[in-house]
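Working notes, structure below.
Protein chains: 2
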Amino acid sequence: MTTENNLNGTAASVVSTSPFLKTLVLQIRGQDAYGVYRSWSDDLLLKAFVVSKQKKREISIEGEVDPVTQARIMSFFRAVAARIEQETGLISQVVIDLSHEGFGWALVFSGRLLLTVKTLRDAHRFGFDSLEKLAEEGEKFVEKGLDLAKRYREVSKL
Amino acid sequence: MTTENNLNGTAASVVSTSPFLKTLVLQIRGQDAYGVYRSWSDDLLLKAFVVSKQKKREISIEGEVDPVTQARIMSFFRAVAARIEQETGLISQVVIDLSHEGFGWALVFSGRLLLTVKTLRDAHRFGFDSLEKLAEEGEKFVEKGLDLAKRYREVSKL
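Right under this line is the structure:
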């Protein structure tokens, strides 16, 4: 790994202590049909989710959202869905609806229950300050979804 | 109106007896910022929603779904949402997620409750056999949504 690809010294430990990051890594590897990432470490895989404030300012919000960024948004919410499935057994759907201007919705639902509702804006700049922040935000969505799935089990089974 | 644009003799009465079709007409007229449809009758406006089986076979499902067809799908589900709002006071969101191949989802939700969930396929061919069928299908979504909104009011308010 080159120095440039090295995020920080604690990356591996962040992944190993976060069930969300572990699931996200599995999501990305599961989509990797051509084995591009086979030799990449987990922290290198997740590096693309870390976008500093400075870097965000540099990303243009003109035009379509880059397909790679769209795939990243999809992986993030698929990981939320997968974590909820692990805990509850509920199979859920992920729908990402993005306009050409980078505005839209990310939805995770099971039956008639919306486990996650997130409005997206400036989706071109989708990313988090650090791996810790990525883990934290992901876990927040998972917890909210788990709470709803528990309280409204009946609706999630419709 | 030319003979070609004349759907059938009972069109006006179908619209006048269907709360769904009335709402759908209002949705279309509300989006008509340039007044293109100002001089069109209601039945002529709705004619685009009537696509015979024969005609469907003639529509290619290759490539992107035509923007006009996408707008028609949006109007249909916006009308479902508007009818539910009229009856319940619930404000809802409509999300249409279509892949480039015409597959996807149409969702109407309020709070954390999904009032409408429809998988779309071959969306290029979106349409109904007749105005009566259009009214019937629309009412079906409205009734289902109303039933859910009544049973799970709490979830729709989250």
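Protein sequences appear in the order of chains A and B.
The numbers in the numbering used here rise by one with no breaks, and the one at position 61 of the first sequence is 55.
The numbers in the numbering used here rise by one with no breaks, and the one at position 59 of the second sequence is 53.
Even for Gly, the Cβ is constructed at its ideal location relative to N, Cα and C.
Counting contacts by CB-CB distance shorter than 8 angstroms, is B/Asp116 in contact with chain A? no
Report yes or no: is there a C-beta of chain B within less than 8 angstroms of the C-beta of A/Trp99? Closer than 8 angstroms: yes.
Buried or exposed by the 16-neighbour rule on C-beta atoms within 10 Å, applied to A/Val30: exposed
Count the other CB atoms, across all protein chains shown, that sit within 10 Å of the CB of A/His94; report buried if there are 16 or more and exposed otherwise. Classification of A/His94: exposed, given that the 10 Å Cβ count is below 16.
Members of the region 73 to 91 of chain B near chain A, C-beta cut-off 9 angstroms: Cβ contacts with chain A come from Gln87, Val89, Ile90 and Asp91.
What residue ranges within the region 44 to 129 of chain A form continuous alpha helix (DSSP H) runs of no fewer than 4 residues, ordered along the chain? 47 to 52 and 61 to 82
Which residue wins for smallest C-alpha separation from A/Leu39, given the options A/Asp26, A/Arg51 and A/Ser46? A/Asp26
Residues of chain B with a CB under 7 angstroms from the CB of A/Phe103: which are they? The contacting residues are Leu108.
Would B/Ala117 pass as a contact of B/Val44 if the rule is Cβ separation under 8 angstroms? no
Could you tell me the boundaries of the alpha helix (DSSP H) in which B/Val19 lies? Pro13 to Gly24
Could you give the C-beta distance for B/Leu92 and B/Gly83, rounded to a whole number, given that I count them as a contact under 8 angstroms? With 8 angstroms as the limit, B/Leu92 and B/Gly83 do not qualify as a contact, their Cβ atoms being about 30 angstroms apart.
Residue nearest to B/Tyr54 in terms of C-alpha spacing, selected from B/Gln80, B/Arg115 and B/Ser104: A small correction: the amino acid at residue 54 of chain B is Ser; Tyr does not occupy that position in the sequence shown. When only C-alpha atoms are compared, the closest one is B/Arg115.
CA nearest to the CA of B/Lys16, picked from B/Lys138, B/Leu152 and B/Glu133: B/Glu133
Inspect the beta-carbon positions of A/Val149 and B/Leu107 and report whether they are closer than 8 angstroms. yes
Proximity test, Cβ basis, 8 angstroms: A/Tyr146 and chain B: yes
Around the Cβ of B/Tyr28, are there at least 16 other Cβ atoms within 10 angstroms (buried) or fewer (exposed)? exposed
State the start and end residues of the unbroken alpha helix (DSSP H) segment that holds A/Leu152. Careful: A/Leu152 lies outside any alpha helix (DSSP H) and carries neither H nor E.
Which of the three DSSP states, helix, strand or coil, is assigned to B/Ala143? helix
For B/Val35, which three-state DSSP category applies? Reading off the sequence shown, one finds Ser at residue 35 of chain B, where the question assumed Val. Residue state, collapsed to three classes: coil.
Rounded C-alpha distance that separates B/Ser7 from A/Ile85: 45 angstroms
Let me confirm a value: A/Gly121 is counted as buried when at least 16 other C-beta atoms fall within 10 Å, else exposed. Which label applies? Around the beta carbon of A/Gly121, 16 or more other beta carbons sit within 10 angstroms, so the residue counts as buried.
Apply the 10 Å Cβ neighbour rule to A/Gln80 and answer buried if 16 or more other Cβ atoms are within range, or exposed otherwise. Residue environment for A/Gln80: exposed (fewer than 16 other C-beta atoms within 10 angstroms of its C-beta).
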